[in-house]
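A.B. asks:
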Amino acid sequence: MPDRSRVELYTLRNEYLTLHLSTYGARVVALECRDRAGTMSNVALGYMTLAPYLTQKNFYFGAIVGRVANRIAKGRFTLDGREYQLPINNGVNTLHGGPGGFDTRNWEPHTIENGVRFSYFSEDGEEGFPGELHAHVSYVLEGNMVWIETRATTEAPTIVSLANHAYFNLAGEGSASVLDHELQIEADAFTPLDGTQIPTGEIRAVEGTPFDFRTPRRVGEQIEAQDEQIMLGAGYDHNFVVRGEAGSLRPVATVYEPTSGRVLEVASTEPGVQFYSGNFLDGSVSGPSGRPYMRRGGLCLETQGFPDAVNQPSFPSVVLRPGEAYSSVTTWTFSAR
């Protein structure tokens, strides 16, 4: 790193999966799984060297984003009667914790059984957030499943919502697009956006809209629909309200890629999932394959608290107080058919 700190790579491997992790951003660098013929390929977008993460446009490839994932309107919020102003890094809003968010930090690694736990201490006032925060994320391989567990505690009232920002292309990293991937999302509603990509506060039913993924269909089927919300997101870049009780591990989404036969099943304890269809990938960067990451060359299913929840009283709270523990689990299960 520029400050001479050491960035380390860890590889977890079993007969089903190979997972490459970096201390920089506690991120997934690559993830190899089998297709229907048994061939292993990397299906996660990212770089195999450190320099591009530091010098290229930040797409958050594979990183843990925080202290609060997604957008906070105008970077402002009030907690216990005190107003806070965060750095603005996405139009008029704060995105993924600000320009110095957790994705830009070098986490401390600890090996655990079948995995790695990364730890980070966030100082009071870092990127404008109150309270000292102790954050941990564990990645564990269990057969054909990746288990991701995030935990945090605070010394003063604060807000926390961590998410992994992996981009997947189940045809293989660097493949053309994800428009032919078939997607199912376990959600009956989503949170519509305003013109700055901040939720309006409405919980809107997906029925009869391009956001109805209750049964599997192609990502590209309605991605160019003449729909206000599709146009505001330049495609899909929206939070879906996951069915079931937040805090319980339950199905979130299933992705199937027909040419390779690969299947990804996502489960989580989080209340929401941000489905992002890679609308702002622009061909300016390339990964290990050497092929540029073109628009919609990867998709994200970021399990998370709702965007701008701190400013939306009707959304599930992201406030964390001393004596409480933030805890979240997300799993990725890979197979082929």
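Heads up, the sequence shown is in numbering that gives the first Met the number 0, so the first residue is 0 and it goes up one at a time. Where a beta carbon is used, it is the ideal one built from N, C-alpha and C, also for glycine. If you're wondering where the values come from, they're calculated on a predicted model, not measured in any experiment.
Could you tell me which uninterrupted beta strand (DSSP E) segments, each at least 3 residues in length, are contained entirely in the stretch 30-111, listed from first to last along the chain?
C.D. replies: For the stretch 30-111, the continuous beta strand (DSSP E) assignments of 3+ residues that do not extend past its boundaries occur at 39-41, 75-78, 81-84, 107-111, in sequence order.
A.B. asks: In or out: I111 buried (at least 16 other Cβ within 10 Å) or exposed?
C.D. replies: Counting from one through the sequence shown, the residue named residue 111 turns up at place 112. Counting Cβ neighbours within 10 Å, I111 comes out exposed, since fewer than 16 surround it.
A.B. asks: Output needed for E201: all residues of its chain with C-beta closer than 8 angstroms, excluding positions within five of it in sequence on either side, in chain order.
C.D. replies: The residue labelled residue 201 in the question sits at position 202 within the sequence shown. Cβ neighbours of E201 beyond the five flanking positions: T190, P191.
A.B. asks: How should N113 be labelled, buried or exposed, when 16 other C-beta atoms within 10 angstroms of its C-beta is the threshold for buried?
C.D. replies: Within the sequence shown, numbered from 1, the residue matching residue 113 stands at position 114. Burial call: exposed.
A.B. asks: Taking the C-alpha atoms as reference points, what is the distance between E181 and G260?
C.D. replies: Residue mapping note: residue 181 aligns to position 182 of the sequence shown, counting from 1. Residue mapping note: residue 260 aligns to position 261 of the sequence shown, counting from 1. Cα to Cα, the separation comes out at about 11 angstroms.
A.B. asks: Near H109, what residues of its chain come up, given a Cβ to Cβ distance below 8 angstroms and the 5 sequence neighbours on each side ignored?
C.D. replies: Taking the first residue of the sequence shown as 1, we reach residue 109 at position 110. The answer, listed in chain order, is V115, R116, F117, S118.
A.B. asks: Looking at the unbroken beta strand (DSSP E) that takes in I229, where does it start and where does it end?
C.D. replies: As a position in the sequence shown, residue 229 is number 230, starting the count at 1. I229 -> not in any beta strand (DSSP E); alpha helix (DSSP H) instead, spanning 227-232.
A.B. asks: Please name the residue in P270, V265, R295 whose C-alpha comes closest to that of F279.
C.D. replies: Numbered from 1 along the sequence shown, position 280 holds the residue referred to as residue 279. Taking only the C-alpha atoms, the option nearest F279 is R295.
A.B. asks: Alpha carbon to alpha carbon, how far is R150 from L132?
C.D. replies: The count along the sequence shown starts at 1 and reaches residue 150 at position 151. The count along the sequence shown starts at 1 and reaches residue 132 at position 133. R150 and L132 have their C-alpha atoms spaced approximately 10 angstroms apart.
A.B. asks: Report the CB separation of E187 from G219 in whole angstroms; it is logged as a contact under 8 angstroms.
C.D. replies: By one-based count along the sequence shown, residue 187 stands at place 188. By one-based count along the sequence shown, residue 219 stands at place 220. A small fix is needed here, since residue 187 is Asp in this sequence, not Glu. Between D187 and G219 the beta-carbon gap is near 22 angstroms, outside 8 angstroms, which marks them as no contact.
A.B. asks: Can you pull the DSSP bridge partners for P156?
C.D. replies: Reading the sequence shown from its first residue, position 157 is the one you call residue 156. Answer is none; P156 lacks a bridge partner.
A.B. asks: Is G114 helix, strand or coil when you go by DSSP?
C.D. replies: By one-based count along the sequence shown, residue 114 stands at place 115. Note: G114 maps to strand in three-state DSSP.
A.B. asks: By the 10 Å Cβ neighbour count, where 16 or more other Cβ atoms means buried, how is F274 classified, buried or exposed?
C.D. replies: By one-based count along the sequence shown, residue 274 stands at place 275. Label assigned to F274: buried.
A.B. asks: Does N13 pass the burial test, meaning 16 or more other C-beta atoms within 10 Å, or should it be called exposed?
C.D. replies: Working through the sequence shown from its first residue, we reach residue 13 at position 14. Flag for N13 reads exposed.
A.B. asks: Please determine, among V240, V139, T54, G65, the residue with the shortest C-alpha to C-alpha distance to P198.
C.D. replies: Mapped onto the sequence shown, residue 198 falls at position 199. Out of V240, V139, T54, G65, V240 has the C-alpha closest to the C-alpha of P198.
A.B. asks: Look up I184 in the DSSP assignment and give the residues it is bridged to.
C.D. replies: Numbered from its first residue, the sequence shown carries residue 184 at position 185. Answer by DSSP bridge pairing, in chain order: A252.
A.B. asks: DSSP on N163, reduced to helix/strand/coil?
C.D. replies: The sequence position of residue 163 within the sequence shown is 164, counting from 1. DSSP places N163 in strand when its eight states are reduced to three.
A.B. asks: Can you tell me whether V251 is buried or exposed, with buried defined as 16 or more other CB within 10 angstroms of its CB?
C.D. replies: To locate residue 251, count along the sequence shown from 1; it is residue 252. So V251 ends up on the buried side.
A.B. asks: Is the stretch 119-138 close to the stretch 156-164, with three or more CB pairs under 8 angstroms?
C.D. replies: Short answer: they touch.
A.B. asks: Is the stretch 48-60 touching the stretch 20-28, taking contact as three or more C-beta pairs under 8 angstroms?
C.D. replies: yes
A.B. asks: Taking 7 angstroms as the limit between beta carbons, can you name the residues of its chain near I87, skipping five residues before and five after?
C.D. replies: Counting from one through the sequence shown, the residue named residue 87 turns up at place 88. Around I87: G74, T93.
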